[in-house]
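Trainee:
Protein chains in written order, with my numbering: chain C, 1 to 158; chain X, 159 to 316; chain G, 317 to 396; chain E, 397 to 476.
1. With burial defined as no fewer than 16 other Cβ atoms inside 10 Å of the residue's Cβ, what is the status of residue 202 (chain X): buried or exposed?
2. Report yes or no: do three or more beta-carbon pairs, one from the stretch 377-391 of chain G and one from the stretch 399-408 of chain E, lie closer than 8 angstroms?
3. Comparing alpha-carbon positions, which option in C:46, C:64, C:112, C:86 lies nearest residue 9 (chain C)?
4. Determine, for residue 351 (chain G), whether the minimum Cβ-Cβ distance to residues of chain X falls below 7 angstroms.
5. Do you know how far the Cα of residue 179 (chain X) is from the Cα of residue 149 (chain C)?
6. Cβ of residue 153 (chain C) less than 7 angstroms from any chain X Cβ?
7. For a cutoff of 7 angstroms on Cβ pairs, would you count residue 22 (chain C) as touching chain X?
8. Tell me, please, which residues DSSP counts as bridged to residue 319 (chain X).
9. Distance check for residue 268 (chain X) and residue 376 (chain G), CA to CA, integer angstroms please.
10. Looking at the secondary structure, which residues open and close the alpha helix (DSSP H) in which residue 242 (chain X) lies?
11. Counting only C-beta atoms, is residue 234 (chain X) closer than 7 angstroms to chain C at any point?
12. According to DSSP, is residue 48 (chain C) part of a helix, a strand, or is it coil?
13. Just how far apart, CA to CA, sit residue 47 (chain C) and residue 208 (chain X)?
14. Looking at residue 431 (chain E): is its Cβ nearer than 7 angstroms to the Cβ of residue 419 (chain E)?
15. Evaluate residue 397 (chain E) with the Cβ neighbour count: other Cβ atoms within 10 Å of its Cβ, from every protein chain shown; 16 or more gives buried, anything less gives exposed.
16. Among C:58, C:25, C:81, C:63, which has the Cα closest to the Cα of residue 13 (chain C)?
17. Can you tell me where the beta strand (DSSP E) holding residue 369 (chain G) begins and where it ends?
18. Within a Cβ cutoff of 8 angstroms, which residues of the same chain sit near residue 287 (chain X), ignoring the five residues on either side of it in sequence?
19. Hey, does residue 294 (chain X) have any beta-carbon neighbour from chain G nearer than 7 angstroms?
20. Hey, would you say residue 114 (chain C) sits closer than 7 angstroms to residue 33 (chain C), going by beta carbons?
21. Do you know offhand how far residue 164 (chain X)'s Cα is from residue 62 (chain C)'s?
22. Taking 7 angstroms as the cut-off, decide whether the C-beta atoms of residue 266 (chain X) and residue 255 (chain X) are in contact.
23. Residue 330 (chain G) bridges to which residues according to DSSP?
24. Against residue 372 (chain G), what residues of chain X qualify as contacts under a CB-to-CB distance less than 7 angstroms, listed in chain order?
25. Since residue 37 (chain C) contacts residue 93 (chain C) with CB under 8 angstroms, what's their CB separation in whole angstroms?
26. Buried or exposed for residue 392 (chain G), going by 16 or more other Cβ atoms inside 10 Å?
27. Rank C:25, C:4, C:101, C:40 by C-alpha distance to the C-alpha of residue 260 (chain X) and give the top, closest one.
28. Might you give, ordered along the chain, the residues of its own chain that have their beta carbon closer than 7 angstroms to the beta carbon of residue 57 (chain C), omitting 5 neighbours on each side?
29. Tell me, which residues are paired with residue 374 (chain G) by DSSP?
30. Could you say which of C:104, C:90, C:133, C:125 lies nearest to residue 183 (chain X) if we only look at CA atoms?
31. Mind pulling the chain C residues with CB within less than 8 angstroms of residue 437 (chain E)?
32. So if I threshold CB-CB distances at 9 angstroms, which residues from the stretch 164-180 of chain X count as touching chain G?
33. Looking at C-alpha atoms only, which residue of X:186, X:285, X:225 is the closest neighbour of residue 274 (chain X)?
34. Just the chain E side, please: which residues come within less than 8 angstroms of residue 123 (chain C) by C-beta, in chain order?
35. Mind checking the stretch 23-42 of chain C against chain E and listing, in chain order, the residues whose C-beta falls within less than 7 angstroms of any C-beta there?
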């Protein structure tokens with residue numbers, strides 16, 4: 001699998017290109033997931049988001065997620081791209097595409113990918129509101145790592 | 159919801175446009191599903207497929223599926239397009255996009271949509287091989303409707 | 317006279333996408349299928365697994381149809 | 397001297413993306429965090445919820461680090 005299938009970008013995500021990367025004669029199904037910037041979270045209005053990544057490790061971890069999926073589903077093809085920088089409402093922050101011979105596997109793999117990204121890919125999000133801003137994952141109500149390693153289930157934007 | 163969100167087309171599916179139709183400030187997640195033409199089914203090589211639809215009713219039934227989803231997930235947006243005519247290997251036959259505030263609902267709704275399409279939207283597929291062709295759903299091994307109405311689970315291409 | 321539309325394998329089997337059947341107004345869907353099978357014996361097996369849509373909705377076999385209805389035979393679907 | 401990279405809220409808190417700590421070669425990740433908290437007391441709470449990546453892999457607190465390692469503090473992630 002090509003390394004470009006897993007990337008961090010500062011540009012708008014080319015969704016069509018991502019899907020093209022995974023479509024394959026052996027596949028009958030492509031499931032994709034897009035995380036978009038939502039305006040309201042818990043009743044609070046977001047103005048925009050700022051994403052930052054430890055790029056080298058983030059790309060490596062996204063590739064690892066792809067490898068994990070291909071271990072479970074040997075005939076799958078995976079592509080993941082995450083955008084960083086300033087993102088406005090409705091912008092696409094993350095896009096995942098997985099192709100498999102049959103649809104059940106495509107859905108399962110796609111869900112797995114987004115859960116794993118939220119669990120352990122070193123990317124951070126700063127919310128900006130009218131009255132302030134904060135780094136999600138940086139406040140009391142968010143994930144902490146009592147075991148020193150990521151566990152499932154943090155604060156969710158989608 | 160706009161009627162154009164549910165359509166049968168003879169042209170290549172504009173996937174990006176489909177996603178654009180469902181992205182919404184209230185949404186944080188878009189799940190999509192693409193059914194693509196797979197080359198091998200049960201070890202047999204497909205040359206191409208031919209899809210036919212009872213267009214008026216198919217669009218009406220796809221819209222009904224969207225309505226069923228919006229009943230379950232009031233904040234969802236749905237778009238479905240199915241292509242007909244001759245489709246070659248790796249061409250996209252059906253594309254579904256669902257946006258919701260959170261990702262669990264988007265995945266659930268997207269899966270629901272494809273199952274329902276396969277269950278009851280009047281579209282038919284003819285497989286063409288080196289040594290012949292047949293209308294799927296027209297042979298002994300495929301779905302029959304003992305109750306006179308569609309039941310879940312037919313022959314699957316994806 | 318009731319017009320019936322055919323699709324996919326059904327249309328191919330008899331080389332027509334539309335047939336007219338002389339059945340009384342208000343006949344049931346079931347009777348309509350029986351008349352079709354009588355006129356086109358090759359359709360008999362396929363008709364057994366067919367649904368019928370009247371005015372773009374699936375109907376039960378005991379539904380009545382008239383000449384103003386749009387009647388369509390729906391073989392098992394295979395879209396997606 | 398061990399160089400440590402910081403991201404997100406951690407970097408913002410001290411206004412730097414990189415700090416150098418004079419700790420002995422082969423010190424543990426846990427000791428490194430303690431030294432950081434000593435030099436930057438404002439980071440203390442945040443450090444508790446931080447992971448540490450050495451050469452782009454998450455490591456346990458008792459892992460040893462040397463000056464040739466790439467050491468990065470990873471606050472709880474929030475991508476996706």
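The C-beta atom is built at its ideal place from N, Cα and C for all residues, glycine as well.
Mentor: Considering the structure as presented:
1. Classification of residue 202 (chain X): exposed, given that the 10 Å Cβ count is below 16.
2. The way I'd put it, the stretch 377-391 of chain G doesn't touch the stretch 399-408 of chain E; fewer than three beta-carbon pairs between them come closer than 8 angstroms.
3. Taking only the C-alpha atoms, the option nearest residue 9 (chain C) is C:86.
4. Chain X, which has no Cβ nearer than 7 angstroms to the Cβ of residue 351 (chain G), makes this no.
5. Legend: pLDDT at residue 149 (chain C) = 47, less than 50; position of this residue unreliable, value from coordinates given subsequently. Each residue's alpha carbon lies about 39 angstroms from the other.
6. For residue 153 (chain C), the predicted model reports a pLDDT of 41, less than 50, meaning its position is unreliable; a value from the coordinates is still stated below. It does not: the Cβ of residue 153 (chain C) has no partner Cβ on chain X nearer than 7 angstroms.
7. No, no contact with chain X.
8. Chain X is shown from 159 up to 316; residue 319 (chain X) falls before or after that span and cannot be answered.
9. So the alpha carbons of these two residues sit roughly 29 angstroms apart.
10. Residue 242 (chain X) -> no alpha helix (DSSP H), and no H or E assigned at all.
11. Under the 7 angstroms criterion on CB atoms, residue 234 (chain X) is classed as non-interfacial with respect to chain C.
12. Of the three classes helix, strand and coil, the one that applies to residue 48 (chain C) here is strand, per DSSP.
13. When only Cα atoms are considered, residue 47 (chain C) and residue 208 (chain X) end up about 48 angstroms apart.
14. Yes; because the gap between Cβ atoms is below 7 angstroms, this pair is in contact.
15. Around the beta-carbon of residue 397 (chain E), fewer than 16 other beta-carbon atoms lie within 10 Å, marking it exposed.
16. Here the closest residue by C-alpha is C:81.
17. Under the DSSP assignment, residue 369 (chain G) falls in the beta strand (DSSP E) whose first and last residues are 367-370.
18. Hits under 8 angstroms: 202, 203, 204, 205.
19. Put simply, the CB of residue 294 (chain X) is near chain G, with a gap under 7 angstroms to one of its CB atoms.
20. Result yes, Cβ atoms of residue 114 (chain C) and residue 33 (chain C) sit closer than 7 angstroms.
21. The C-alpha of residue 62 (chain C) is placed about 34 angstroms away from the C-alpha of residue 164 (chain X).
22. Result no, Cβ atoms of residue 266 (chain X) and residue 255 (chain X) do not sit closer than 7 angstroms.
23. Per DSSP, none; premise fails for residue 330 (chain G).
24. Within 7 angstroms Cβ-Cβ: 214, 215, 218.
25. Indeed, because the Cβ distance is near 6 angstroms, the residues count as touching under 8 angstroms.
26. Under this definition residue 392 (chain G) is a buried residue.
27. Ranking the options by Cα distance to residue 260 (chain X), first place goes to C:40.
28. Answer for residue 57 (chain C): 122, listed in chain order.
29. Beta-bridge pairing links residue 374 (chain G) to G:369.
30. Distance check between residue 183 (chain X) and each of C:104, C:90, C:133, C:125 places C:90 closest, using alpha-carbon atoms only.
31. Here the premise fails: no neighbours, minimum Cβ distance about 17 angstroms.
32. If you check each beta-carbon in the stretch 164-180 of chain X against every beta-carbon of chain G, none falls closer than 9 angstroms.
33. Per the C-alpha coordinates, the member of X:186, X:285, X:225 positioned closest to residue 274 (chain X) is X:225.
34. 473, 474, 475, 476, listed in chain order.
35. The residues in question are 35.
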